[in-house]
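Trainee: Quick one: the structure is below, and I'll ask about it shortly.
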Amino acid sequence: MSYKYRIIIIVSVTILFIAAGAFILLKPENTAPGNIEGKVSVAPVCPLVELDKPCISSPADYLDRMVFVKDAKDGKIIDRKLIDSNKSYRFEIAPGKYIIDIEQKEGLGIGGNVPAEVSVKPQETTNFDIVIDTELK
């Protein structure tokens, strides 16, 4: 085999490996969105809980409350959603690192465990439950 053909084969094999590597890196699974979801709880809602009188949060504790997804690098809001009737939220979002936060409303408590950083992987769901601390003692 001549030197010219060896060079052509080496270059061809190199191009093939580069193309295969690019295909693996750009596969749709690596760029497919993931999800962030969770439940939202408000507690405590009564200053003193008695065994025979359960203290249950009302829909007003959740109504019109926004959950935000912010870019972890610059803090810009990427998406926002209202808490749904099941006291839950869900975002479909590109893989990456994000900050989960909740809208602060006067008299309705503060985000007890937010803001918080979460990571999203392609085609996976990241679960993050939000606790709103009413600061009732």
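Residue 84 in our numbering sits at position 70 of the sequence shown, and the numbers go up by one each step.
Quick reminder that beta carbons are idealized off the backbone N, C-alpha and C, glycines included.
1) So, at 6 Å on beta carbons, what are the nonlocal neighbours of A130 in its own chain, with the 5 sequence-adjacent residues on each side left out?
2) Any contact between the segment 19-28 and the segment 73-81? By contact I mean 3 or more CB pairs, one from each, below 8 Å.
3) Just confirm the distance between the C-beta atoms of I50 and F142, as a whole number of angstroms; I'd bet it's less than 8 Å.
4) Per the DSSP calculation, N49 is bridged to which residue(s)?
5) Considering only residues of the same chain and omitting the five flanking positions on each side of K6, which have a CB-CB separation below 8 Å?
6) Is the separation between the beta-carbon of I146 and that of I116 shorter than 8 Å?
7) If you draw a straight line from the C-alpha of V132 to the C-alpha of K84, how long is it?
8) Buried or exposed for I144, please, with buried defined as at least 16 other CB atoms from any protein chain shown within 10 angstroms of its CB.
9) Look at the Cβ atom of G48, then the Cβ atom of K135, and state whether they are nearer than 8 Å.
10) Output needed for A108: all residues of its chain with C-beta closer than 6 Å, excluding positions within five of it in sequence on either side, in chain order.
11) Under 8 Å between the Cβ atoms of T148 and A57?
12) Secondary structure at I24, three-state DSSP: helix, strand or coil?
13) In or out: Y103 buried (at least 16 other Cβ within 10 Å) or exposed?
Mentor: A quick look at the data gives this:
1) Walking along the sequence shown from the start, residue 130 turns up at place 116. Once the five neighbours on either side are set aside, the close Cβ partners of A130 are I114.
2) no
3) For the purposes of this step, residue 50 is identified with residue 36 of the sequence shown, where counting begins at 1. For the purposes of this step, residue 142 is identified with residue 128 of the sequence shown, where counting begins at 1. Contact holds; Cβ gap of about 6 Å.
4) Start at 1 with the first residue of the sequence shown, and residue 49 comes out as number 35. Answer is E106, T139, bridged to N49.
5) Outside the shown range of the chain, which is 15 to 151, sits residue 6, and nothing can be said about it.
6) Within the sequence shown, residue 146 is the residue found at index 132, counting from 1. Within the sequence shown, residue 116 is the residue found at index 102, counting from 1. Yes; because the gap between Cβ atoms is below 8 Å, this pair is in contact.
7) As a position in the sequence shown, residue 132 is number 118, starting the count at 1. As a position in the sequence shown, residue 84 is number 70, starting the count at 1. Computed Cα separation, rounded: 10 Å.
8) Working through the sequence shown from its first residue, we reach residue 144 at position 130. Buried, since its Cβ has 16 or more Cβ neighbours within 10 Å.
9) Here the question's residue 48 lines up with position 34 in the sequence shown. Here the question's residue 135 lines up with position 121 in the sequence shown. Yes, Cβ-Cβ distance for G48 and K135 is below 8 Å.
10) To locate residue 108, count along the sequence shown from 1; it is residue 94. For A108, where only same-chain residues beyond five positions count, the Cβ hits under 6 Å are P47.
11) Your numbering for residue 148 matches position 134 in the sequence shown. Your numbering for residue 57 matches position 43 in the sequence shown. In contact: T148 and A57 (Cβ atoms closer than 8 Å).
12) For the purposes of this step, residue 24 is identified with residue 10 of the sequence shown, where counting begins at 1. In the structure shown, I24 sits in a helix (DSSP, three-state: H, G or I).
13) By 1-based counting over the sequence shown, the position of residue 103 is 89. Result: buried.
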